[in-house]
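Engineer:
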Amino acid sequence: MEAGAILVRRGLLDDRQLAQLRNGNGDGTSLIDKAVALGLIKEADALRVLGEEIGLEFVDLRDVDVDLSLLDGFPHKLIHRQTLFPIRRTDGQLVVATADPFDLYPIDEVSAATGLSVVPVLASRTEISKLIKKHLGVWSETIDGLLEQAADEGEVELLDDIETDGSELSEMAQEASVVRLVNEILLEAIESRASDVHIESQQAGLVIRYRIDGTLQPQPVPPEINRFQAAIISRLKIMSRLNIAEKRLPQDGRIKLRVSGREIDVRVSVIPMIHGEGLVMRILDKGAMVFDLQKLVMEPDTYATFADLIRMPHGIVLVTGPTGSGKTTTLYSALLEINQPDVKIITTEDPVEYQLEGINQIQVHPKIGLTFSSSLRSILRHDPDIVLIGEIRDLETAENAIQASLTGHLVFSTLHTNDAAGAYTRLGDMGVEPFLVASTVEAVMAQRLVRRLCPHCKEAYYPDSDDLPGDFPVELLDGQPLFRKTGCRDCRHIGYSGRLGIYELLITDDAIRQLAHDRASTWAIGQAAIKQGMRTLREDGWLKVLHGVTTVDEINRTTKGDHQLLAKQSRRKIPRVV
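Numbering (the working numbering), first residue to last: 156 to 733.
#1: When you compare only the Cα positions, how much space is there between L655 and L451?
#2: According to DSSP, which residues form a beta bridge with A601?
#3: Taking DSSP's pairing of strands, which residues face T502 in a bridge?
#4: For D299, does the count of other Cβ atoms within 10 angstroms reach 16, so buried, or fall short, so exposed?
#5: If I measure Cβ to Cβ from L439 and keep anything under 6 angstroms in the same chain, skipping five residues before and after, which residues do I get?
#6: Identify the continuous alpha helix (DSSP H) that holds I534 and give its terminal residues.
#7: From what residue to what residue does the beta strand (DSSP E) around S322 run?
#8: Distance, Cα to Cα, L486 vs E198?
#9: What residue does the beta strand (DSSP E) around V425 start on, and which one ends it?
#10: Would you mind giving the Cβ-Cβ distance between S266 and V273, rounded to the nearest angstrom? I have them listed as a contact below 8 angstroms.
#11: At which residues does the beta strand (DSSP E) containing T370 begin and terminate?
#12: Is the beta carbon of H469 less than 7 angstroms from the beta carbon of S350?
#13: Distance check for I187 and D170, CA to CA, integer angstroms please.
#14: What does a CB cutoff of less than 6 angstroms around D695 pick up in its chain, not counting 5 residues either side in sequence?
#15: On the criterion of 16 or more Cβ atoms from any shown chain inside 10 Å, does E157 qualify as buried, or is it exposed?
#16: Helix, strand or coil: how does DSSP classify L412 here?
#17: Do the segment 460–474 and the segment 491–501 touch if we need at least three Cβ pairs shorter than 8 angstroms?
#18: In three-state terms, what does DSSP make of H571?
#19: How many Å lie between P377 and R581 at the Cα?
#20: If we ignore side chains and look at the alpha-carbon of each, how far apart do S415 and G481 end up?
#21: Would you give the residue range spanned by the alpha helix (DSSP H) that A344 belongs to?
#22: Name the two residues that bound the continuous beta strand (DSSP E) containing D351.
#23: Apart from the five residues just before and just after D505, which ones in its own chain have a Cβ nearer than 8 angstroms to its Cβ?
#24: In the DSSP assignment, what residue or residues form a beta bridge with M436?
#25: Taking the alpha carbon of E445 as the reference point, which residue from T503, D246, E512, R236 has its own alpha carbon closest?
#26: Quick one: is S374 buried, meaning 16 or more other Cβ sit within 10 Å of its Cβ, or exposed?
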């Protein structure tokens, strides 16, 4: 019985669509896969119907508890070549998921290899592939299998030409199997929403970790892959246009890719380690980024105040936080919110992470003398209304930023401080005169990123107040539940999916200006800001917990409980935001 005829008879395809599929089906792709790729049918619907016709059960692997102990002794070569996966063992029979209802020869191979009676069930090829990658790793095929396959570069397109030096190592790095391995690393990282890929040379071999939603997650890597260790790193260095022969000094490079029609920018850093080179890739997915200030999950009052600040005629607005806290996203979103044809905006950045339509962006090059400070001096001769400085790192840049604000420009920039109050003292530590800091800095926004609870599996619960931190606003619970993580297939059993910001917005009022002028401590400035009504990072985090979008554990992980003593002494209530 032929699949196309069944799908037509059951109403999933019509005769014209079937003829179209048959005419273009000479490339070895199955008719079902072709129909799914063209959007004519859903794979699950097709497999369910075909299963009913030929007597095979269809299972949704997202709802199945897979017995992973069955992987021991199961022929991994068949898992990868035939897209099979063992699910459970019942009454001496091995239940195996397959995506091809008409090719049961691999099932016979499994039976011969395991000595068990095998019962096939149908499952989505995509879901089987997810199981394979999760439990066996992106490189989990046998070495022989890798060498037999040609490199699949169709999904990963290099936008820059690469150059090789003709050495043995560079030729090895260009082998089809190595190219395919590297492409798999990049594809899996992008599909997993990883912000960074860590490839580390350890004594035991290669270690791969993806940073997803701010936390590092190890990836399974079979020991056989260590044979490819040097070639994999060399391939990535070639793609980054780095010197593959230099293994003693750190190197930085960049890869420009197109994956499934989306442009991906990858920043690469290579550092020599004891057991070989360590490589970290920062992935910037231009197609996935949305810069919209209203979607940054600020509390309504914080958003309203910040929206007013970024429309001031002059002054300095700073955004602070550690690396990876979303400062660039906040500033880009602010620029796009106020970008108009009658407003000229110029930025100077290192590096330019995303290209913004209608905004003039400068990439600094310190090696040739184009620094933040030198570029800023030239920027002011181009008559801008708004200037963004990627980061204030030294006294010269700080003084130029202050001079720009004093001459009628609105200046945005970032600083690496732990909280908003620390920005004033940091500028003073750089050597900026306190009266200049007091007269030009209009506001400081400190921020962190916390993981967002997975909406598919988060679980409501009623906490005991004794189990909550001392500064948690229990008076705002008002009988409502909080939420905690559980874990499901949609979130890779982590319990979190995506991230959101928590914010601390400090407005420079007269009291803060006087303290900054008098070189007051960070603590004194922070206490004054709290008295004027500033919501701290931790307090903003508690509001996100009360809104049910994150957890108490996440706020404890990302913020310091330095306000607990104050909370216990005064039990100051956090204002409820409507």
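Even glycine gets a Cβ: it sits at the ideal position worked out from N, Cα and C.
All values derive from a computational prediction rather than experimental measurement.
Structural biologist: Quick answer:
#1: Their backbone Cα atoms lie some 7 angstroms apart in a straight line.
#2: A601 pairs with T475, E659.
#3: The secondary-structure analysis by DSSP pairs T502 across a beta bridge with Q516, L543.
#4: Confidence is the limiting factor: at D299 the pLDDT is only 49, short of 50, which leaves the residue's position unreliable, though a coordinate-based value still follows. Residue burial is scored here from C-beta neighbours: D299 has fewer than 16 other C-beta atoms within 10 angstroms and is therefore classed as exposed.
#5: If the five residues before and after L439 are omitted, its C-beta is found closer than 6 angstroms to the C-beta atoms of D420, E508, all from its own chain and listed in chain order.
#6: DSSP places I534 in the uninterrupted alpha helix (DSSP H) bounded by 527–534.
#7: Per DSSP, S322 lies in no beta strand (DSSP E) and is assigned neither H nor E.
#8: One C-alpha to the other measures close to 42 angstroms.
#9: For V425, the uninterrupted beta strand (DSSP E) run begins and ends at 417–428, by DSSP.
#10: Correct: roughly 5 angstroms between the Cβ atoms.
#11: 370–374 is the span of the beta strand (DSSP E), which, as asked, contains T370.
#12: No, the pair does not count as a contact, with Cβ atoms beyond the cut-off.
#13: When rounded, the separation of the alpha-carbon atoms in D170 and I187 is 15 angstroms.
#14: Cβ contact annotation for D695 (same chain, cutoff 6 angstroms, sequence separation greater than five): I657, Y658, in chain order.
#15: Burial state of E157 is exposed, judged by a 10 Å Cβ sphere holding fewer than 16 other Cβ atoms.
#16: DSSP places L412 in strand when its eight states are reduced to three.
#17: Touching, per the Cβ criterion.
#18: Three-state result, H571: coil.
#19: Whole-angstrom Cα-Cα distance: 47 angstroms.
#20: Separation of S415 and G481 (C-alpha to C-alpha, rounded to the nearest whole angstrom) is 26 angstroms.
#21: Note, A344: alpha helix (DSSP H), 331–346.
#22: For D351, the uninterrupted beta strand (DSSP E) segment begins and ends at 349–357.
#23: Non-local C-beta neighbours of D505 in its own chain, meaning closer than 8 angstroms and more than five positions away in sequence, comprise Q518, V519, P521, F527, G545, E546, ordered along the chain.
#24: DSSP, once it has assigned bridges, lists V352, V423 as partnering M436.
#25: The sequence shown places Val at residue 445, rather than the Glu named in the question. The shortest C-alpha separation from V445 is found at E512.
#26: What sits at residue 374 in the sequence shown is Gln, not Ser. Classification of Q374: buried, given that the 10 Å Cβ count is 16 or more.
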